[in-house]
Structure formats: C-alpha cells, structure tokens
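Asks: Numbering (the numbering used here), first residue to last: 9 to 455.
Glycine included, each C-beta is placed from N, C-alpha and C at the ideal position.
Here the structure is a predicted model, which means the values were calculated and not measured.
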Amino acid sequence: MDDFIAARAQMALSLGFHIIFACVGMVMPFLMAFAHWKYLKTGNEIYKGLTKAWSKGVAILFATGAVSGTMLSFELGLLWPGFMKHAGPIFGMPFSLEGTAFFIEAIAIGFFLYGWDKFNKWFHWFCGFLVGLSGLASGILVVAANAWMNSPTGFDYINGQYLNIDPIKAMFNDAWFPQALHMTVAAFCATGFAVAGVHAFLIMRKKNVEFHTKAFRIAAAFAMIGAFGAPLSGDIAAKSVAERQPIKLAAMEAHFETEKGAAFVLGGIPDEEKGEIRYAIKIPKVLSFLVSNDFNAEVKGLNDFPRDEWPPVAVVHYAFQIMIFFGVVMISIGSLYLYAFFFKKDWLNKNWLLKTFLFATPFGYIALEAGWTVTEVGRQPWIIYGIMKTVDAVTPMPGIQYSFYFFTAIFISLSLIIIFLLRRQIQMVPKLYDPTDPQFNSKNKKS
Numbered sequence: 009m010d011d012f013i014a015a016r017a018q019m020a021l022s023l024g025f026h027i028i029f030a031c032v033g034m035v036m037p038f039l040m041a042f043a044h045w046k047y048l049k050t051g052n053e054i055y056k057g058l059t060k061a062w063s064k065g066v067a068i069l070f071a072t073g074a075v076s077g078t079m080l081s082f083e084l085g086l087l088w089p090g091f092m093k094h095a096g097p098i099f100g101m102p103f104s105l106e107g108t109a110f111f112i113e114a115i116a117i118g119f120f121l122y123g124w125d126k127f128n129k130w131f132h133w134f135c136g137f138l139v140g141l142s143g144l145a146s147g148i149l150v151v152a153a154n155a156w157m158n159s160p161t162g163f164d165y166i167n168g169q170y171l172n173i174d175p176i177k178a179m180f181n182d183a184w185f186p187q188a189l190h191m192t193v194a195a196f197c198a199t200g201f202a203v204a205g206v207h208a209f210l211i212m213r214k215k216n217v218e219f220h221t222k223a224f225r226i227a228a229a230f231a232m233i234g235a236f237g238a239p240l241s242g243d244i245a246a247k248s249v250a251e252r253q254p255i256k257l258a259a260m261e262a263h264f265e266t267e268k269g270a271a272f273v274l275g276g277i278p279d280e281e282k283g284e285i286r287y288a289i290k291i292p293k294v295l296s297f298l299v300s301n302d303f304n305a306e307v308k309g310l311n312d313f314p315r316d317e318w319p320p321v322a323v324v325h326y327a328f329q330i331m332i333f334f335g336v337v338m339i340s341i342g343s344l345y346l347y348a349f350f351f352k353k354d355w356l357n358k359n360w361l362l363k364t365f366l367f368a369t370p371f372g373y374i375a376l377e378a379g380w381t382v383t384e385v386g387r388q389p390w391i392i393y394g395i396m397k398t399v400d401a402v403t404p405m406p407g408i409q410y411s412f413y414f415f416t417a418i419f420i421s422l423s424l425i426i427i428f429l430l431r432r433q434i435q436m437v438p439k440l441y442d443p444t445d446p447q448f449n450s451k452n453k454k455s
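Below is the structure:
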C-alpha cells in the first residue's frame, strides 16, 4: 500500500471510529440527565434504574472515546507533520479548550457515578447534566478546528509564511457554525435512533417491558429533535458550502456544467471522463433555490475548476446521496411516530412500529459517516482548503501501511470489547436496574 494512501486510510478509519463515540458523548448524557430529572420529579424508581443503567453505558463509551481521541491526537502529528507545523499555532486554541472540556467531563462523570446518596440530589443531577454540556462543548470545539481546514482564516499567507495569526478569528471561522450546528443535530438524531432501536428490540423480547418502554420513549423524543432539525441545519450547511467551496457542492451533486436554474440530482452514476451523470432523477431548478433561494440562480459546475483540484466526484456524490436517503427515511419514521403519539396511541405498542425503530438503529450513524465523507473527501486535494495540499503534509516516514494494519487491529479489538461490555450491561437490567423485576428484589433482600 502506498504510504500516502495508507496515511489517509488510517486517518479515515480513526475518524470514522471516533466520531461514533464523540456523538454518543455529546448526546447520551442528556438522555441520562433527563431520566434522572424524571426520577427526581416523580419518585418513580424505574427512572432511577434507567439513569444508572445509562450512566454505566456512558462511562464505557466515554472511556473508549478517550482512547480513540488520544490516538487521533498522536496521528495528527505523526502522519501529517507538515500540516501541524504550520496549522498548529493557528487552530491550537480550540484543541486546548477541547482538552479542558474533556477534563471537566471526566470529573463530572466521576462525581455522577459515585455521587448517589452522597451529594445534594440536585447537585448530583447537575453533575450528570454537566457531563452532557462538556461533551457537547468538546464536540463543537473539535468541529471548529475541522471547519478551519475547510475555511482557513485568522492569518495572512504571504510568500509561504503564516503571519499575523489571530487564533480567535481562526476558531470562529465562516464554517464553524454551520458545521457545528449540523454535527450537533446529526448526533442527536443518530444517538436517539440507536438507543431507541436497542430498547425497541428489548421490548419485543417481552422482558422488563415497562423499563425499556420508558427508555424507548425518551430516546425516541431525542431522535425526533435530530430528525426534524436535520433539514434546517443541512440547508444552512449547504448554503455555506456553496459560498465557500463551490467545487465541493458541484461534486456532491455531480454537477459538471455551470448553469442557471440548476436541477437537484437524486441518485445517478457520475462519469468524470465524459462530464455527465447517468440514470439520475433531476428536479428542475431546485439546486439553484437551495443554494441561493432563487430558482434561476447560477450554480458553478466542476468544469469551471482545474481538473487537478477536483475531489473524487463519485465518492462524494454517493456519500451525499446516502446521507440524504437515510435522512429522509428517519424523518419519515419520525413523522410516523409523532402521528402515533398524538393520534394513534395504540400503535405505540405495536410490534411493527418497534421493528421500524429496530431496523433504523444504524441509520443515523450511516448518515453521519456519509456526511463526514462528504466533508473530508469533498475538500480533497486540500488539507487546508486552497492553501496546502494533503500530499504536501504527509510524513516522509516509510512503512505507514504497517501502522494502518496495527491501528485497524486495535479498533477491531476495542469494538469487540465494547460489544461484550454493553451486552453484559443489558443482561444485568433485571438484577441491577429494574426495581419491578423479581430478580432485582431478591438480590436486594440478599444484600
């Protein structure tokens, strides 16, 4: 394997793995805090058990995210020293602040896990809520650093030198808000659907039904926030991309020729050599409207840009289509759930509705991974858009493919460990977390 390809593959694998745990860390503590709030308000012991069960899951996934995030930090320096040499002083601030948020999160989760019956009940609840706030801040700060790569600012680039550095301006670049908003909404959607799907499966097994039903409805509510917020945040992100990176937008839509009243493309197979897309469904003028709220606005095509600056069109286009497809599916499921919740209460306990959420368990994370593929691959061949190419930033050290194989083995091992630990947590629900279960009562009597 070519060292450059191996470095990119290792980074892609690491990011793809870590992003799942980053999203869980941004959202799962809020589910936990909401269940805890319900317990404090109602006194229902099921919510207490649910809070404890979710908090153990948060701890497991937090530890995994810490490991994968640390590996990513080292990889930036080891694989891309040319990038870090110049970019580190510019966007180092969000990374430093992210480290602070991470430590606050670690302290707060420790307080929460071991603070039962030791702290004031509302201070204890706040510790859990703080886990979510610091996790959310951590994710947004990392996205700010990535957004800078897509919209570099906060410095003057003169004769190959990075001068007059302004780290505040670099952190709050033009891309940070659209990317951070879309990432946050996507995290709520993906995590909400994943948790709801797991509990839907457990409800269908007819064990601890009341416990898992309460969990399912909380998770489904959070999933709705993400599903219905995604089109709004996606529209803001798309308009931002059209303004800052028109070549990325053109690749997303496999849009080759500049034209007014450009059509929005669904599906299709792009042919870069012929500069066309085959078998696509084209909705006239919609792309122009989405870009600038004008059905007749001009949208630049790929042929307006140098060929050596094109991203891999097929990869970006297919990833964008996957994201759109699963996003629409989740919105449809969300609409069905809301209709059932308000107008057809008896549907909420039907197996077909639960199966719908079960099948949708991975949809949010598939869409999330596809969206990040669009963001990262769509920026190529640049690591700093318009300033530094990725090939110029890679390490000259040989043998990167062996590092890629080693890291792949680590991530596979971590995945297996996580599956084992989470499966064990689910199996312990009757004994440790559901107070209505006979096994729970018998264990408490013995203790």
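Taking only beta-carbon positions, decide if residue 17 is within less than 8 Å of chain B.
Replies: As a matter of chain content, chain B is missing from the structure shown, which is built from one protein chain.
Asks: Mapping DSSP to helix, strand and coil, what is residue 410?
Replies: Helix at residue 410.
Asks: Runs of 4 residues minimum, wholly inside the segment 286-335: which ones carry the alpha helix (DSSP H) assignment?
Replies: Correct list: 294-300.
Asks: How would you call residue 26, buried or exposed, if buried means at least 16 neighbouring beta carbons within 10 angstroms?
Replies: Answer is buried; the Cβ neighbour count reaches 16.
Asks: Return the chain-ordered ranges of every alpha helix (DSSP H) run that is complete within the segment 127-213 and spans a minimum of 4 residues.
Replies: 129-158, 175-179 and 184-212, all fully within the segment 127-213.
Asks: Given this structure, state the Cα-to-Cα distance separating residue 181 from residue 202, to the nearest angstrom.
Replies: Their Cα atoms are separated by approximately 32 Å.
Asks: Once the 5 residues before and after residue 117 are set aside, which same chain residues still bring their CB inside 7 Å of it?
Replies: Once the five neighbours on either side are set aside, the close Cβ partners of residue 117 are 66, 67, 70 and 139.
Asks: Which class does residue 102 belong to by DSSP, given the choice of helix, strand or coil?
Replies: Three-state DSSP puts residue 102 in a helix.
Asks: Using a Cβ distance threshold of 8 Å, determine whether the segment 174-192 contacts the segment 138-156, with at least three qualifying pairs required.
Replies: Yes, the segment 174-192 is in contact with the segment 138-156.
Asks: Are the CB atoms of residue 35 and residue 230 nearer to each other than 8 Å?
Replies: For residue 35 and residue 230, yes; Cβs fall inside 8 Å.
Asks: Could you check the C-alpha separation between residue 63 and residue 435 for me, to the nearest Å?
Replies: One C-alpha to the other measures close to 15 Å.
Asks: Here's a check: name, in chain order, each residue in its chain whose Cβ is nearer than 6 Å to the Cβ of residue 256, leaving out the five neighbours to either side.
Replies: Taken in chain order, the residues that qualify are 249 and 386.
Asks: With 16 other CB atoms within 10 Å as the buried threshold, where does residue 215 fall?
Replies: When all chains shown are included, residue 215 counts as exposed.
Asks: Would you check if there are 3 or more beta carbon pairs closer than 8 Å linking the segment 85-103 to the segment 256-274?
Replies: No: fewer than three Cβ pairs fall under 8 Å.
Asks: Measuring CA to CA, which of 158, 232 and 295 is closest to residue 372?
Replies: For residue 372, the nearest C-alpha among the options comes from 232.
Asks: Taking the alpha-carbon positions, what's the residue 239 to residue 343 distance?
Replies: Looking at the two C-alpha atoms, the distance is approximately 14 Å.
Asks: Please list the terminal residues of the continuous alpha helix (DSSP H) segment that includes residue 88.
Replies: Counting along the chain, residue 88 falls outside any alpha helix (DSSP H), and DSSP gives it neither H nor E.
Asks: Do the CB positions of residue 73 and residue 30 come within less than 8 Å of each other?
Replies: Yes, these two residues count as a Cβ contact at 8 Å.
Asks: Once you ignore the five residues that flank residue 200 on each side, which residues in its own chain have a CB closer than 6 Å to its CB?
Replies: Once the five neighbours on either side are set aside, the close Cβ partners of residue 200 are 227, 230, 231 and 234.
Asks: Quick one, are the C-beta atoms of residue 368 and residue 331 less than 8 Å apart?
Replies: No, Cβ-Cβ distance for residue 368 and residue 331 is not below 8 Å.
Asks: Taking the continuous alpha helix (DSSP H) assigned at residue 360, which residues delimit it?
Replies: Run containing residue 360: 359-367, per the alpha helix (DSSP H) assignment.
Asks: Could you give the first and the last residue of the continuous beta strand (DSSP E) run that contains residue 273?
Replies: Segment 272-279, the beta strand (DSSP E) holding residue 273.
Asks: Per DSSP, which one or two residues make a beta bridge with residue 267?
Replies: 307.
Asks: Restricting to Cα atoms, I'd like to know which of 363, 413, 37 and 384 is closest to residue 195.
Replies: Of 363, 413, 37 and 384, the residue nearest in Cα terms is 37.
Asks: Take the Cβ of residue 314 as the centre, count every other Cβ of all protein chains shown within 10 Å, and call the residue buried at 16 or more, exposed below.
Replies: Under this definition residue 314 is an exposed residue.
Asks: Under the three-state reduction of DSSP, which class applies to residue 396: helix, strand or coil?
Replies: Strand.
Asks: Is DSSP giving residue 284 helix, strand or coil here?
Replies: In this structure, residue 284 counts as strand in the three-state DSSP scheme.
Asks: Near residue 381, which residues of its chain fall below 6 Å by C-beta distance, leaving aside the five closest residues on each side in sequence?
Replies: Within the same chain, residue 381 has close Cβ partners 327.
Asks: Please look up how many angstroms separate the CB atoms of residue 392 and residue 160, rounded, as I've assumed it's under 8 Å.
Replies: Going by Cβ atoms, the distance from residue 392 to residue 160 rounds to 5 Å, so yes, they are a contact pair.
Asks: State yes or no: is the C-beta of residue 303 within less than 8 Å of the C-beta of residue 290?
Replies: No; because the gap between Cβ atoms is not below 8 Å, this pair is not in contact.
Asks: By how many angstroms is the C-alpha of residue 428 removed from the C-alpha of residue 77?
Replies: One C-alpha to the other measures close to 21 Å.
Asks: Given that a residue counts as buried once 16 or more other Cβ atoms are within 10 Å of its Cβ, and exposed if not, what is residue 50?
Replies: Its Cβ having fewer than 16 others within 10 Å, residue 50 is exposed.
Asks: Beta-carbon separation of residue 53 and residue 443 under 8 Å?
Replies: Going by C-beta atoms, residue 53 is nearer than 8 Å to residue 443.
Asks: Check whether the Cβ atoms of residue 204 and residue 365 lie closer than 8 Å to each other.
Replies: A contact, by the Cβ cut-off of 8 Å.
Asks: According to DSSP, simplified to helix, strand and coil, what is residue 124?
Replies: Coil.
Asks: Taking C-alpha atoms, which residue in 123, 370, 298 and 357 lies nearest to residue 60?
Replies: Of the candidates 123, 370, 298 and 357, the one whose C-alpha sits nearest the C-alpha of residue 60 is 123.
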